[in-house]
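All remarks here apply to the structure that follows.
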DNA sequence: TTAGGACTTCAAGCCAACTTGAGGTCAATG
DNA sequence: CATTGACCTCAAGTTGGCTTGAAGTCCTAA
């Protein structure tokens, strides 16, 4: 319906193909993550590349990167740095973060497993025990 | 210096004992999590119980509960529900949440481990591959 | 007497990642 | 010619857990 040449897409078409709301795409643009090819009468005109860039962003988000991380991935390296090297560095750092999260979650799991067997009648009893750092 | 009877504490003393800022204690009060015993000339007066209640809150936060969860722990059960039963129910639910988080983190780890070995020269190549849901 | 310190209230700010809403433009269509 | 629909911008709202700041009260010590 809308696009005449399949290679020039409006934000609506891009949003459909990428599975995002137009507002999200504009937001990413404000952060410098995706830029339209040009503007026509004020409207953003994209190429297929934008859809691919958005797929990259989706992948990265899904892998645990923040939008700020993604900005660094795209713009935070010397221009001649290969994609592979960028991913390697960023992913290695993120994996360390995940390990920390896992340790945090394991600690929570321990606390929860212990407290699940609590025999206190009142929470005040419980609280008193915690203040002396027993119980839990 | 400040408190005459050791059993009546000002917010400053409570904050020191609990390791929290007074503003956090006021915030918890606004949420209904800790109440002062009374007020004296507008000032909050607490008993030692408040310090213990704050230790309970700290424990629960540390175990992964939100302040809203903690409110439910304190007020969201029939009055005659034992502390043990409350913890059991809440902790069981939270453990399920943690399992979900762990699965999420494991999925991220997989993505990161795969992408770490990426051989693409440019991110655009990479993006193209992702759009076809290969690579990664 | 005055300065200090501890306390009070209430509103607003911070972070992330968007969404929502108001108000406006523009082209195609009936 | 008027309406629809897709788009535009910019400001403000959302959630959670607080912190910060302004402006005021009150007591005590020098």
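Protein chains in written order, with the numbering used here: chain A, 1 to 136; chain B, 1001 to 1136. Don't be surprised by glycine CBs; every beta carbon is placed ideally from N, CA and C.
Neighbouring residues, chain B, relative to residue i (Cβ below 7 Å)
i	result
residue 61 of chain A	By Cβ distance, chain B contributes nothing, its closest Cβ being about 10 Å from residue 61 of chain A, past 7 Å.
residue 55 of chain A	1127, 1130, 1131
residue 34 of chain A	Per Cβ cutoff of 7 Å: no residues; residue 34 of chain A is ~10 Å from chain B at best.
residue 115 of chain A	1063, 1087, 1091
Buried/exposed call for residue i, threshold 16 Cβ in 10 Å
i	result
residue 1061 of chain B	exposed
residue 1128 of chain B	buried
residue 1015 of chain B	buried
residue 1103 of chain B	exposed
residue 1035 of chain B	exposed
residue 1121 of chain B	exposed
residue 1018 of chain B	buried
residue 53 of chain A	buried
residue 119 of chain A	exposed
residue 1093 of chain B	exposed
residue 107 of chain A	exposed
residue 1 of chain A	For residue 1 of chain A, the predicted structure reports a pLDDT of 43, less than 50, and the residue's modelled location is therefore unreliable. The matter cannot be settled from this model.
residue 1004 of chain B	Note that residue 1004 of chain B scores 49 on pLDDT, short of 50, meaning its location in the model is unreliable; the coordinates nonetheless yield the value given after this. The residue is exposed, with fewer than 16 neighbouring Cβ atoms inside 10 Å.
8 Å contact criterion, which residue i and residue j should meet: CB distance rounded
i	j	result
residue 1074 of chain B	residue 123 of chain A	7 Å
residue 33 of chain A	residue 71 of chain A	6 Å
residue 1085 of chain B	residue 126 of chain A	So it is not a contact: roughly 12 Å between Cβ atoms.
residue 1057 of chain B	residue 1028 of chain B	7 Å
residue 1095 of chain B	residue 112 of chain A	5 Å
residue 105 of chain A	residue 1101 of chain B	6 Å
residue 1090 of chain B	residue 1069 of chain B	7 Å
Chain-ordered chain B contacts of residue i [CB-CB under 8 Å]
i	result
residue 75 of chain A	In chain order: nothing, as chain B lies at least about 10 Å away.
residue 51 of chain A	1131
residue 123 of chain A	1056, 1073, 1074, 1083, 1086
Neighbourhood of residue i by C-beta, 7 Å cutoff - its chain only, sequence neighbours within 5 removed
i	result
residue 131 of chain A	none
residue 1049 of chain B	none
residue 1021 of chain B	1015
residue 1051 of chain B	1014, 1017, 1018
residue 76 of chain A	none
Chain-order list of residues whose beta-carbon lies under 8 Å from that of residue i (same chain, five-residue window excluded)
i	result
residue 38 of chain A	45
residue 97 of chain A	64
residue 7 of chain A	47, 48
residue 79 of chain A	none
residue 1055 of chain B	1018
The ligand FMN heavy atom lying under 7 Å from the CB of residue i
i	result
residue 1045 of chain B	For the structure depicted, the ligand FMN is absent and the ligand set is empty, with no information on it obtainable.
Residues that residue i contacts on chain A, provided the C-beta gap is smaller than 8 Å
i	result
residue 1020 of chain B	By Cβ distance, chain A contributes nothing, its closest Cβ being about 13 Å from residue 1020 of chain B, past 8 Å.
residue 1030 of chain B	Residues of chain A passing the Cβ test: none, with the nearest at roughly 20 Å.
Chain-ordered chain A contacts of residue i [CB-CB under 7 Å]
i	result
residue 1105 of chain B	98, 101, 102
Cut-off 6 Å between Cβ atoms - residues of its own chain near residue i, not counting five sequence neighbours on either side
i	result
residue 87 of chain A	none
Contacts of residue i in chain A (Cβ-Cβ under 9 Å)
i	result
residue 1037 of chain B	Per Cβ cutoff of 9 Å: no residues; residue 1037 of chain B is ~14 Å from chain A at best.
residue 1025 of chain B	Going along chain A, no residue has its Cβ under 9 Å from residue 1025 of chain B, so there is no contact; the nearest lies around 15 Å.
residue 1095 of chain B	108, 109, 112, 113, 116
residue 1119 of chain B	82, 83, 84
Segments assigned alpha helix (DSSP H), at least 4 residues, entirely inside the segment 47–131 of chain A:
48–62, 67–75, 83–116, 123–131
Unbroken alpha helix (DSSP H) runs of length 4 or more, entirely within the segment 14–45 of chain A: which are they?
22–30
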